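Protein chains: 2
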Amino acid sequence: MAAACELCRDAGGEVLWRDGFCRVVLVADPHYAGFCRVILERHAREMTDLDEGERAALMRAVFATERALRDLLAPDKVNLASLGNLVPHLHWHVIPRFGDDRHFPAPIWAAAAREGPAPRSLDIAALRARLAALL
Amino acid sequence: MAAACELCRDAGGEVLWRDGFCRVVLVADPHYAGFCRVILERHAREMTDLDEGERAALMRAVFATERALRDLLAPDKVNLASLGNLVPHLHWHVIPRFGDDRHFPAPIWAAAAREGPAPRSLDIAALRARLAALL
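Just so you know, the sequences run in chain order A and B.
Using numbering that gives the first Met the number 0, the letters of the first sequence map in sequence onto residues 0 to 134.
Using numbering that gives the first Met the number 0, the letters of the second sequence map in sequence onto residues 0 to 134.
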């Protein structure tokens with residue numbers, strides 16, 4: 000299974016931070032500036048397949064990503080989700096949400112409510128630096 | 000704000016477990032047997048508004064809920080999400096997913112893909128007992 004899984008490879012975005020256990024990747028989504036994924040490096044399906052220390056380490060990276068995105072973008076809300084129905088390899092979506100975004104207040108997986116604003120600018124170098132400082 | 004928030008009250012489902020810090024509630028959704036919410040008792044918006052110990056305590060309840068649901072229902076996948084765009088009071092969705100459910104493999108907030116199977120049965124007393132044993 001691991002060989003067939005796209006998240007076992009470095010697919011799907013620019014790596015902002017990594018430590019050998021997990022990586023933080025910036026998702027290229029023009030509607031959601033700062034949308035990040037925190038991806039476990041090894042192949043596992045569920046949080047309860049990890050031991051307690053691994054769970055804590057992965058959540059530490061998720062919460063650092065939330066913190067860094069709040070510091071840089073001041074979103075109205077942050078959405079966190081571990082779904083993995085399509086790609087059952089542990090990864091967390093960390094999504095800064097704004098009241099005028101395409102889906103607000105619905106989750107981004109719902110039907111779009113509006114066109115949404117022009118893409119927000121994001122200082123990627125500052126995001127990398129903030130993550131490095133937090134982690 | 001707290002006074003206006005429905006999650007500051009005991010709204011929205013049968014309480015399966017609580018310890019004064021958070022509660023685990025069974026969501027009455029005929030399409031998603033075992034759909035639970037883990038709700039912080041006090042009013043806070045984001046995980047990064049909690050201190051490290053509180054974050055760990057809340058995630059411990061989330062992961063125990065995942066474990067209990069896996070033990071009882073053996074779902075194909077578990078979905079975890081903290082969204083809170085509509086009700087910005089920290090709560091985690093813990094959703095057992097099955098390949099034949101209404102939205103699989105999409106998130107449950109997407110458009111339904113099919114009617115879905117007849118409601119799965121769930122032994123609520125066993126779920127309460129499993130949560131109590133894990134927590």
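Heads up, the beta-carbon is just placed ideally off N, CA and C, and yes, glycines get one too.
Just so it is clear, the structure is predicted and the values come from calculations on it, not from any experiment.
(message) Which same chain residues end up closer than 8 Å to A/L82 when comparing Cβ atoms and leaving out the 5 residues on each side of it in sequence?
(response) Hits under 8 Å: H92.
(request) Using DSSP bridges, identify the partner residues of B/R17. (result) Listed as beta-bridge partners of B/R17 by DSSP are B/R22.
(request) Quick one: grab the DSSP three-state call for A/L39. (result) Residue state, collapsed to three classes: strand.
(request) Following the continuous alpha helix (DSSP H) through B/I135, name the residue where it begins and the one where it ends. (result) A query on residue 135 of chain B cannot be resolved here, the shown segment of chain B reaching from 0 to 134 and no further.
(message) In this structure, how does DSSP classify A/V86 when only helix, strand and coil are distinguished?
(response) If DSSP states are grouped into helix, strand and coil, A/V86 belongs with coil.
(request) Assign A/L126 to one of two classes, buried (16 or more other C-beta atoms within 10 Å of its C-beta) or exposed (fewer than that). (result) Burial is judged here by how many other beta carbons sit within 10 angstroms of a residue's own beta carbon; A/L126 has at least 16 and is buried.
(request) Over the uninterrupted beta strand (DSSP E) stretch that includes B/L79, give me the two end residues. (result) Where B/L79 is concerned, the enclosing beta strand (DSSP E) stretches over K76 to S81.
(message) Just to confirm my understanding: we take A/P87, look at its own chain, exclude 5 residues before and 5 after, and list those with CB closer than 6 Å. What are they?
(response) Closer than 6 Å at the Cβ level, and outside the excluded window around A/P87, lie R44.
(message) Within 8 Å of any Cβ in chain A, is that where the Cβ of B/V23 sits?
(response) Not closer than 8 Å to any Cβ of chain A, the Cβ of B/V23 fails to qualify, so no.
(message) If I follow the unbroken alpha helix (DSSP H) through A/I107, where does it start and stop?
(response) No alpha helix (DSSP H) contains A/I107, which DSSP labels as neither H nor E.
(message) What residue range does the alpha helix (DSSP H) around B/M58 cover?
(response) Looking at the DSSP string, the run of the alpha helix (DSSP H) that includes B/M58 is E51 to L72.
(request) Classify A/D48 as helix, strand or coil using the three-state DSSP reduction. (result) Reduced to three states, the DSSP call for A/D48 is helix.
(request) Would you tell me roughly how many angstroms separate the C-alpha atoms of B/L71 and B/L121, rounded to the nearest one? (result) B/L71 and B/L121: Cα-Cα distance of roughly 8 Å.
(request) Report yes if the C-beta distance between A/R113 and A/R101 is below 8 Å; otherwise report no. (result) Yes, the Cβ-Cβ distance between A/R113 and A/R101 is below 8 Å.
(message) To the nearest angstrom, how far is the alpha carbon of A/M0 from that of B/D9?
(response) In this predicted model, A/M0 has a pLDDT of only 46, less than 50, meaning its place in the structure is not dependable; the value taken from the coordinates is given anyway. Linking A/M0 to B/D9 through their CA atoms gives a straight-line distance of about 43 Å.
(message) Just checking: is the beta-carbon of B/W16 within a distance shorter than 8 Å of some beta-carbon in chain A?
(response) So, not an interface residue.
(request) Compare the beta carbon distance of B/R36 and B/V26 with 8 Å and say whether it is the shorter of the two. (result) Yes.
(request) Just the chain A side, please: which residues come within less than 8 Å of B/E40 by C-beta, in chain order? (result) Contact note: B/E40 does not reach chain A at a C-beta cutoff of 8 Å; the least C-beta distance is about 19 Å.
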